[in-house]
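One structure is given below, encoded as structure tokens.
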Amino acid sequence: SAGGSVDFTALIGKLVFLTDDEALSCFSLIAEDDCGRVSEPLRLQVQTTAVDISVTSVGDAPVGATSASLTVSTRAVDFASNVGIEILDADGQWQPASVLAVRPAGDLSYELEFAIPDGNADIRARILYCEEIRAEFTVERCMPEFELVADPFATYAMIRVMAPDQATVETVVRRLMLYVDGRRGPVLLRDEESGVLALSGLSPNTSYTLTATMMDRPDASDFTPGQRFTTEKAPALPNSDFEDRKSGVVYDRLPSGGRYSQTEVAIYNWQNRESFSQQVPQKWANTNAKTFSTRASNHNTWYMQPSVFTVSDEVKSGEFAVCLRSVGFDLSGEDIPDYAQTGRPYLQYSPVVPHVACRAAGKLFLGEYSFSAFSMEESYKDVVDWKSRPRSLNGFYKYAPSPDSPSDTGVAIIEIYGDVGGELQVIASARTYLPIANSYTAFTAPLSYTRFGIKASGMRLMFASSASVGTIAEETASIVTSVDPVKGASLGSSLWLDNISLAY
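Going by the numbering used here, the sequence shown opens with residue 291, and the numbers climb by one from there.
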């Protein structure tokens, strides 16, 4: 008769022994032919021994990692099919973790990769074989590779994270805790995309030691190496309340408008005059040399008007404020025809309005200003040395637009300059428009620095009585003034300023 065979290899391979003692598995095999005859039982005994599984190494898991790995040693040939991982959660419960990969790591060794939860605390885990616990182990959290670069301002510091890849940069920014002189510092913002944090609560012109960690309960080894930095100074604006003054426009009995007759008789013996004895803020430049040029060919209030002067009757605090005014001026003003009265009531002024060639905004700024009456050219040296980076320009203002230009506004302009590749460039700027305000109103011009680590070397700060600031030709074309025959002047918008400051 033909013979037959039964292969028990697959079955025996499924036998699992989980106790410390040896186990004996018995199988009986009986054959029956077509005639119903049965053979004697064939008995098969399989002796199994315990599967030895040992953890030989556990890899650290950087904060932010989503997987961890370990290496185990075992003789089980079907290890990959029967292995499992569980993790102890925050509530003390064991939860299954996804086994992501099982890779041979040499004779009788395997490397396991498994999913781990987000966090920065060590992870307790255990390995299972055929759903039975075989070993426990701990995955220690560690910080990923990164470096910190500090860019200190006066009262805060921007901290940039440098790491091998963007994902690590974002993880570090999201979880990093900053310490200043050993104490945790407040983080004002976290920009994961650009990889920077803003450390606040600092004092100007002060040295600090910066360390950082991503661990919840750090010890000394969990901190980055200490690095020293010194914050910038916080210099104030010079004479920011305009209390210190110097001589401004001074002129005794300047003709105001044309001559006119006292009666209908053509005897033009009346001439209005105006005297000026003004002051301007010390340590600030202005444009009076242009709008009130004594080199004008025709000295008259129609052609010569001060555009910047201090005032004592309209102040926010203290004794003085400053007023900027848009005016018409002309260095080659035409002769003004005499005016004959036409009847009662006789005017106490000449109503003749001459052509005024130019208009200008009153400007107040830091630096120097010069004007050439011969060439009609002006020169601004309005970028002054400044070694700190303010966060904003602040102050108080009032504004009265010209009646013929009610939508006009004053303007505050601030620009911070720095050395970018050997070239002086604007690294932050703000332009704030100052609309109509009948009483002193607070304003702010915030500054934003987008270039990391570029220090300030200069500042431009200017106020103007009109938003239409520019060259003489541009201002003449765009600034609106209103003629006032009584005053014999072409006057526009007025801006009052007081208590100007920089915030750091």
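Ideal placement from N, C-alpha and C gives every residue a C-beta, glycine not left out.
Just so you know, these numbers come straight off a predicted model, no measurement behind them.
{"Asked": "For E554, is the classification buried or exposed, using 16 other Cβ atoms within 10 angstroms of its Cβ as the cut-off for buried?", "Found": "exposed"}
{"Asked": "Tell me whether E403 sits in a helix, a strand or coil according to DSSP, three-state version.", "Found": "strand"}
{"Asked": "May I ask which residues mark the beginning and end of the alpha helix (DSSP H) holding I762?", "Found": "I762 to S768"}
{"Asked": "Do three or more CB pairs link the stretch 655-671 to the stretch 713-722 at distances below 8 Å?", "Found": "no"}
{"Asked": "Taking S695 as the reference, give the member of I726, S665, I704 and R681 with the closest Cα.", "Found": "I726"}
{"Asked": "Between which two residues does the beta strand (DSSP E) carrying R741 extend?", "Found": "Element bounds for R741: n/a, residue is neither H nor E."}
{"Asked": "Buried or exposed: E426, going by 16 or more other Cβ atoms within 10 Å of its Cβ?", "Found": "exposed"}
{"Asked": "Roughly how many angstroms lie between the CA atoms of S565 and D542, to the nearest whole one?", "Found": "4 Å"}
{"Asked": "Can you list, in chain order, the residues of its chain with a C-beta nearer than 6 Å to that of L637? Leave out the 5 residues immediately preceding and following it.", "Found": "none"}
{"Asked": "Taking buried to mean at least 16 other C-beta atoms within 10 Å of its own C-beta, is I626 buried or exposed?", "Found": "buried"}
{"Asked": "Compute the Euclidean distance between the alpha carbons of A355 and D408, then round it to the nearest angstrom.", "Found": "7 Å"}
{"Asked": "With distance defined between alpha-carbon atoms, name the residue in L683, P680, G743 and I703 nearest to D709.", "Found": "G743"}
{"Asked": "When we look at the beta-carbon of M832 and count the other beta-carbons within 10 Å, is it buried (16 or more) or exposed?", "Found": "Any answer about residue 832 is impossible in this case: the structure gives the chain only from 291 up to 794."}
{"Asked": "Going by alpha carbons, who is nearest to R333 out of S318, A779 and S692?", "Found": "S318"}
{"Asked": "Closer than 6 Å by C-beta to V701: which residues in its own chain qualify, once you throw out the five before and the five after it? Chain order, please.", "Found": "Y723, A754 and A757"}
{"Asked": "Measure the C-alpha to C-alpha separation of S640 and F582 and round it to an integer number of angstroms.", "Found": "21 Å"}
{"Asked": "According to DSSP, simplified to helix, strand and coil, what is K653?", "Found": "strand"}
{"Asked": "Alpha carbon to alpha carbon, how far is F369 from D379?", "Found": "25 Å"}
{"Asked": "Do G618 and V598 have their C-beta atoms closer together than 8 Å?", "Found": "no"}
{"Asked": "Which residues does DSSP pair with T600 in a beta bridge?", "Found": "V612"}
{"Asked": "Can you tell me whether A793 is helix, strand or coil according to DSSP?", "Found": "strand"}
{"Asked": "In its own chain, which residues sit with a C-beta less than 8 Å from the C-beta of P775, not counting the 5 before and 5 after it?", "Found": "G547, Y639, S640, P641, V642 and V643"}
{"Asked": "Tell me, please, which residues DSSP counts as bridged to T499.", "Found": "R518"}
{"Asked": "So the beta strand (DSSP E) K688 belongs to, where does it begin and stop?", "Found": "S682 to A690"}
{"Asked": "Buried or exposed: which applies to C316, given that a residue is buried once 16 or more other Cβ atoms fall within 10 Å of its Cβ?", "Found": "exposed"}
{"Asked": "Between which two residues does the beta strand (DSSP E) containing F566 stretch?", "Found": "R563 to P571"}
{"Asked": "Since I377 and A411 should fall inside the 8 Å C-beta cutoff, what is the C-beta to C-beta distance between them, to a whole number of angstroms?", "Found": "The Cβ separation is near 12 Å, so there is no contact."}
{"Asked": "How about L785 and L614: do their beta carbons lie closer than 8 Å?", "Found": "yes"}
{"Asked": "Below 8 Å on the Cβ atoms is my guess for Y794 versus F443; work out the distance and round it to an integer in Å.", "Found": "7 Å"}
{"Asked": "Examine chain D for any beta-carbon lying closer than 8 Å to the beta-carbon of D441, and answer yes or no.", "Found": "Considering every chain present, this structure includes no chain D. It has just one protein chain."}
{"Asked": "What's the call for V367, buried or exposed, on a 16-neighbour Cβ count within 10 Å?", "Found": "exposed"}
{"Asked": "Taking the alpha carbon of Q456 as the reference point, which residue from M467, D471, V470 and G485 has its own alpha carbon closest?", "Found": "G485"}
{"Asked": "Is the separation between the beta-carbon of A735 and that of I704 shorter than 8 Å?", "Found": "yes"}
{"Asked": "Is it true that the CB of N576 sits closer than 8 Å to the CB of G685?", "Found": "no"}
{"Asked": "Taking the straight line between their C-alpha atoms, what separation do you get for E421 and P476?", "Found": "47 Å"}
{"Asked": "Identify every residue that forms a DSSP beta bridge with G700.", "Found": "L724"}
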